[in-house]
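Residue numbers (the working numbering), protein chains in the order written: chain A, 136 to 586; chain B, 136 to 586.
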């Protein structure tokens, strides 16, 4: 593998990177892969001021290098930065909590852990470790649950801002069915969220998500105030959980008997919109999929978490049904998910598909983790591919990163799309964080932190 | 973590190792964990000539050190070497083969790969890499499919013998429903297996397994000759596949209409015995579990493979039903399994249990990978725990091996069994090969290969 020549800050966001370039121009769930996969075996990515300027074959573009530094990643595969559409930063230290399914897991492990994030110093420390882990795993953007405390949001955004990351986060809203020490009120959650939006939303690359935990821990009054925030700030997001586990769905029905099911609670309170992202959706009915499609809302598919908590097998093919397609991204859902790696998460997505008699191709898997995630977050004008003008967040994957991968991929960078898909599948299944040789943010090396 | 002071060969198999010692004296599926878990937070393992001499608290045993070198692994957890009860060494280079379930996967990927093992040089090269991977993952004993070619067995045993490993392997027997280039005949498979048994079985630590691939690729004549080998050499093993996938079970019924199901084919041909190990058993009926129990035969539970190929969810609680208990070990089943790590395999076993509404505790998981595996292989007089007299194959696990594990386990080595179980669960879920700080074979450091 070529060694990076630049260190952080050196390139000033203006740089050229040589390697095998792979991205998507459209969705392989709806168009033939050969039409939507863009692959240049010996490619050059020209970056200026942190944005993609041009991309194409090295032989065509190398005359345009000028005096920008050339970083040679020949032998590696360069893809757009990976996008994690559902993750909880306060749960970084509680991964692998034993023996419970969703509701008991929340009470026994999650709530006591999140309490610690009232302490801003502790929150800052975990936020840094969390961002280190994201970058090590090639994840450059994430939609992130903070804790209920505004200070936990400040700590996260401060850490993300210092690293120039495009991150979306928000304060948890939760005014019932949780310990007192974690509860806000409908009004205080509105006020605090509003102040955080005014402080952080659109500051640099940061964006805000209104974040009720899930319908069971919010009163109807709180959900309606969340919707008011969406009305008042139309460019903020809605981020919550939906239909993860059978007992949860039944509980929601008990709590909200006046509504027609789980999604309808969010819908009638005004939360189902095009910038709404619902994590899980394992138990969704066909009609609910259809409603999400109509509303142009998105789902975060979190296979590792769904297996770890025994929640069930997400019906990806139903979400991707061309009759009523729903935007889908991938989520690690750390800490119910047990890995920060979106490659490892695609591995688990493949297994979920296999158990359901479906196939998830390597290209479709990578699409979900890149352009698919960007579309789910309405950020595909800025992220998710190498289209000129987009922000230059990208990942360098070494197909021979371990002795087993070196044996598996002894041919190195492939010439054909068929061989590329085979190589990519090996990274989906066996890659994890080890395949990530480098992560760049706005054209600057962000991982490894020093070379 | 304490640094090992010895290098390979230095200790001559006579050594003392200090650390937190964890093993089992009996099966936690049938007895309370507090009764069967043996834990010494500050322990000493005294090893002489490659065998356990004594184990207990450091303060009690340190007077018996004599002049043997003391290796300090304080801060780490030391367990018996992990035992992989089902793996294919010729498939090392074909992990992560895309998109098929069992039967198509065999035809499309496996058979062409195994053909390469007619070449003894190639076989030797892969055998070395395979053993490197086992040791890196803390696996000290495995029951291993070779290929159909006797040279592939020689290559494997030669490599294992040079490392003083206790390994069990055998030539694949396969006389139909496979490409000509991989087929033997009933008679040639008998003759070749017999010659290999005479050459290798009982040589040093090596043992032989008669290895028909599965009933679909053997004629009844071949299965009966396999049984004759078991009669002639009562201490060899039988190693094959059983009831992995729905289509496979249906095909066996077509191929052997005269028998009462899949297991009955093996039973009526004389292959269901106490030294018989059947991989998978995902589709077994209750009556088949009962028959395996009566015969004292064993199952290898291979969760990673079962998820990767979409075979299904093994009913562990049925195998462990105290009314008719079946011996169960864990198998990675590389290359349908996608990791050499038995810790990673316990992670997937936990998920299989969760999807079935069951819980697999960390202690039960580690039992399956140590003493449970030894019992499944009828090797519990030699392996699987720290009982004095047993062979000193053991693994050093670092509970703070990664930044995430360090955060998760910031308390270090625990004092109580409850805290130990919590720490162990983090290694089950997040450990993989990274948690393996060192692997010892007969009291000598085998991984890392140099310090």
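For each residue, glycine too, the CB sits at the ideal point set by N, CA and C.
Ranked by Cα distance from residue 212 of chain B, the options B/195, B/381, B/563, B/188 are led by B/563.
Secondary structure remark: continuous beta strand (DSSP E) runs of at least 3 residues inside the stretch 460 to 501 of chain B, in chain order: 462 to 465. Taking a 10 Å sphere around the C-beta of residue 170 of chain B, we find fewer than 16 other C-beta atoms and assign the residue as exposed. Residues of chain A whose Cβ lies closer than 9 Å to the Cβ of residue 222 of chain B do not exist, since the nearest Cβ in that chain is about 13 Å away. Rounded to whole angstroms, the separation of the alpha carbons of residue 397 of chain B and residue 406 of chain B is 12 Å. At the C-beta level, residue 187 of chain A and residue 526 of chain A come within 9 Å of one another.
Counting along the chain, residue 345 of chain A sits inside the beta strand (DSSP E) bounded by residues 342 to 347. Within the stretch 172 to 211 of chain A, the runs of alpha helix (DSSP H) at least 4 residues long that lie entirely inside it are, in chain order, 193 to 196. Assignment of residue 163 of chain A by DSSP, reduced to helix, strand and coil, places it in the coil class.
Around residue 542 of chain B, the beta-carbon contacts reaching into chain A at under 7 Å are 227, 228, 264. Proximity of chain A to residue 494 of chain B at the Cβ level (cut-off 7 Å) is accounted for by 234, in chain order. The three-state reading of DSSP puts residue 410 of chain B in coil, since its state is none of H, G, I, E or B.
For residue 473 of chain B, the closest Cβ of chain A is nearer than 9 Å. Residues of chain B whose Cβ lies closer than 8 Å to the Cβ of residue 267 of chain A are, in chain order, 538. Using a CB distance below 9 Å, the part of the stretch 541 to 565 of chain A facing chain B consists of 542, 543, 545, 556, 557, 560, 561, 562, 563, 564, 565, ordered along the chain. Per DSSP, reduced to three states, the secondary structure at residue 440 of chain B is helical. Only residues of its own chain outside the window of five on either side were considered, and among them 232, 444, 471 have a CB closer than 8 Å to the CB of residue 240 of chain B, listed in chain order.
DSSP places residue 556 of chain A in the uninterrupted alpha helix (DSSP H) bounded by 552 to 565. Per DSSP, reduced to three states, the secondary structure at residue 379 of chain A is coil, with no helix or strand assignment.
Flagged as an interface residue toward chain A: residue 491 of chain B, by a C-beta distance shorter than 9 Å. The beta carbon of residue 541 of chain A sits closer than 8 Å to the beta carbons of 535 from its chain, once the five residues preceding and following it are set aside; these are given in chain order.
For the stretch 439 to 450 of chain B, the set of residues with a beta-carbon nearer than 7 Å to any beta-carbon of chain A comprises 442, 443, 444, 445, in chain order.
For residue 267 of chain B, the enclosing alpha helix (DSSP H) stretches over residues 255 to 271. Residue 166 of chain B counts as exposed, since fewer than 16 other beta carbons sit within 10 angstroms of its beta carbon. Residue pairing for residue 153 of chain B: DSSP places it in a beta bridge opposite B/179, B/207. Looking at the DSSP output, residue 518 of chain B shares a beta bridge with no other residue. The C-beta separation of residue 284 of chain B from residue 223 of chain B comes to about 14 Å, leaving the pair out of contact by the 8 Å criterion. Taking all protein chains in view, the Cβ of residue 546 of chain B is surrounded by fewer than 16 other Cβ atoms within 10 Å, so the residue is classified as exposed.
Here the alpha carbons of residue 366 of chain A and residue 341 of chain A stand approximately 19 Å from one another.
Residue 160 of chain B sits exposed, since fewer than 16 C-beta atoms from the chains shown fall within 10 Å of its C-beta. Against chain B, the CB of residue 497 of chain A has a partner CB under 9 Å away; the residue lies at that interface. In chain A, no part has a C-beta under 7 Å from the C-beta of residue 359 of chain B; the shortest such distance is about 35 Å. A straight line joining the alpha-carbon of residue 260 of chain A with that of residue 376 of chain B spans about 50 Å.
Secondary structure at residue 419 of chain B: coil, using DSSP grouped into helix, strand and coil. Assigned with DSSP and collapsed to three states, residue 353 of chain A falls in coil, not helix or strand.
Listed along chain A is no residue with a C-beta nearer than 9 Å to that of residue 282 of chain B; the closest approach is about 16 Å.
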